[in-house]
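Numbering-wise (the working numbering), the sequence shown opens with residue 399 and increments by one. Glycine is no exception: its CB is placed at the ideal position from the N, C-alpha and C atoms. Only a predicted model underlies this, so the values are computations on that prediction, with no experimental measurement involved.
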Amino acid sequence: MHELFEHRRTIGYDRLDTKQFDSKIEFARKTFERFSISAVHQEHYSGNICVFIQRMSGVDLKEITKAIPLSYVVHSYLILLESFTRAILAREAITGTPGAVSVVIDLDGLNVADFLNPMSASVKVARLALKVWADYFSETIIKVYIVNPPALLSVMWQVIRLVMDKKTQSRVTFIDKPSDLLNHLSEKVVPECYGGARRDDSGYADPPETACRRARRVTPQQYYDVDELWRRHGFERMPLKITTISIKGKHTFEVKKKCERDGQSLVWHFMVNGDVEFEVIRIEDDSETVMWPKITLTTLKSPEQGAIICKCGEYRLRFINPSDTWLPLKVHYIAELNKI
399 MHELFEHRRT
409 IGYDRLDTKQ
419 FDSKIEFARK
429 TFERFSISAV
439 HQEHYSGNIC
449 VFIQRMSGVD
459 LKEITKAIPL
469 SYVVHSYLIL
479 LESFTRAILA
489 REAITGTPGA
499 VSVVIDLDGL
509 NVADFLNPMS
519 ASVKVARLAL
529 KVWADYFSET
539 IIKVYIVNPP
549 ALLSVMWQVI
559 RLVMDKKTQS
569 RVTFIDKPSD
579 LLNHLSEKVV
589 PECYGGARRD
599 DSGYADPPET
609 ACRRARRVTP
619 QQYYDVDELW
629 RRHGFERMPL
639 KITTISIKGK
649 HTFEVKKKCE
659 RDGQSLVWHF
669 MVNGDVEFEV
679 IRIEDDSETV
689 MWPKITLTTL
699 KSPEQGAIIC
709 KCGEYRLRFI
719 NPSDTWLPLK
729 VHYIAELNKI
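Now the structure itself:
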């Protein structure tokens with residue numbers, strides 16, 4: 399839970415209203431717009447259960463990884479869980495009884511073939527995003543309803559085992575017909591398109607009867623620009639010199655940088671060939687302060703990049719190989735302080 403609190407503090411969403419999460423936080427905005435989801439601000443309850451909806455129609459995970467780093471999705475799922483937590487606490491304050499969350503996932507439009515290879519981009523995105531649920535929210539998400547599953551459920555279970563931990567798997571319920579959701583949830587939280595009464599006429603949902611926004615499609619013009627972040631922090635472009643290192647399983651590697659002037663930007667870029675735990679810390683008087691929160695991520699079509707504004711002192715980019723296999727993790731990185 400300490401890492402979760404550090405995530406809230408360093409990103410700053412502990413000080414935001416949930417209605418601002420997908421507008422005030424840049425990576426959350428760039429992530430949520432690519433997915434067909436109900437509003438991030440939660441206010442729909444079936445009894446004491448908050449109900450969130452995600453549709454796969456129009457969502458191409460392979461293309462999304464060309465537009466944003468995978469870490470954007472992981473960070474955004476943590477922010478989504480903050481919204482769930484606040485919704486549960488608000489409901490519990492009214493009813494005086496424990497609350498929880500149920501998630502409805504509509505697989506209509508999903509290309510199941512993209513998920514049959516455990517090394518595919520789609521599987522890696524889903525696995526690391528759902529790892530957030532397993533690590534921090536496993537006791538609160540009590541049901542995952544799968545709507546419009548493929549005809550061969552054995553194939554779907556093969557996919558589920560690739561992306562979900564066993565505890566989350568045990569909470570999956572397949573819905574034969576969308577209207578059968580009414581056997582599990584109250585009519586007011588089930589979208590009209592499934593036979594319920596829920597719709598969103600705020601202008602967010604498209605169409606309103608789905609209660610979900612329409613996913614913004616990725617075009618080649620929107621593919622990730624590796625130079626943009628560096629230019630924003632005073633560089634002409636991304637530096638060309640890349641350092642490559644190997645990290646053994648369960649080992650740590652740190653890149654140390656000394657900030658000489660308050661206000662300097664520490665900018666980083668890296669690619670990895672597997673899962674890595676990454677964070678940025680500041681060292682002062684033998685104590686550590688988290689400056690960029692630790693998450694587990696990997697890199698796919700887009701590199702991992704980020705930047706923080708520093709004050710004088712020592713900073714460390716920390717890479718941890720969480721694997722216990724004999725194969726080392728390869729990291730190709732750049733880390734520079736700008737000149738001001």
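With fewer than 16 other beta carbons inside 10 angstroms of its own, GLY445 counts as exposed.
For PHE419, the enclosing alpha helix (DSSP H) has its first and last residue at 419 to 422. Cβ contact annotation for THR463 (same chain, cutoff 7 Å, sequence separation greater than five): ALA519, VAL523, LEU698, LYS699, SER700, in chain order. Distance between ALA485 and GLU658, taken at the CA atoms: about 44 Å. One alpha carbon belongs to VAL457, the other to GLY711, and they sit about 43 Å apart. Contact between the stretch 725 to 732 and the stretch 485 to 496 is not established, with fewer than three Cβ pairs separated by less than 8 Å.
Under the three-state reduction of DSSP, GLN452 is assigned to strand. Taking all protein chains shown into account, LYS428 has 16 or more neighbouring C-beta atoms within 10 Å of its C-beta and is therefore buried. If the five residues before and after ASN671 are omitted, its C-beta is found closer than 7 Å to the C-beta atoms of LEU727, LYS728, all from its own chain and listed in chain order.
Residue state for CYS710 is assigned as coil, using DSSP reduced to three classes.
Secondary structure within the stretch 559 to 603: the beta strand (DSSP E) runs of 3 or more consecutive residues, fully enclosed, are 570 to 573 (chain order).
For LYS728, the pairing in a beta bridge is given by DSSP as SER644.
Between the stretch 499 to 513 and the stretch 535 to 547 there are three or more C-beta pairs closer than 8 Å, enough to call the two in contact.
Take the alpha-carbon of THR694 and the one of LEU476: they are about 12 Å apart.
For the 9 Å CB-CB criterion, HIS473 and HIS405 form a contact. It is roughly 9 Å from the alpha-carbon of ALA603 to the alpha-carbon of ILE435.
Under the three-state reduction of DSSP, ASP504 is assigned to strand.
A straight line joining the alpha-carbon of GLY601 with that of ARG615 spans about 18 Å.
Judged by pairs of C-beta atoms under 8 Å, the stretch 715 to 724 touches the stretch 667 to 681, as three or more such pairs exist. The closest CA to that of ASP533, considering only ASN515, TYR713, VAL587, LYS565, is found on LYS565.
Relative to the Cα of GLY507, the nearest Cα in the group PHE433, GLU441, SER663, ARG453 belongs to ARG453. For TYR543, the enclosing beta strand (DSSP E) covers residues 539 to 545. Per DSSP, the continuous beta strand (DSSP E) segment holding VAL670 begins and ends at 663 to 670. The way I'd put it, the stretch 635 to 653 doesn't touch the stretch 680 to 690; fewer than three beta-carbon pairs between them come closer than 8 Å.
The C-beta distance from ALA498 to ILE447 rounds to 5 Å, short enough to fall under 8 Å.
LYS656 is bridged by DSSP to GLU712. When only Cα atoms are considered, THR608 and LEU551 end up about 24 Å apart. Counting along the chain, PHE676 sits inside the beta strand (DSSP E) bounded by residues 674 to 682. When the Cα atoms are used, LEU514 and ALA465 turn out to be separated by approximately 23 Å. The beta carbon of ALA527 sits closer than 7 Å to the beta carbons of VAL471, VAL472, TYR475 from its chain, once the five residues preceding and following it are set aside; these are given in chain order. Secondary structure note for LEU695: its beta strand (DSSP E) is the uninterrupted segment 685 to 695. When Cβ pairs closer than 8 Å are counted between the two stretches, the stretch 660 to 667 is seen to touch the stretch 624 to 633, the count reaching three or more.
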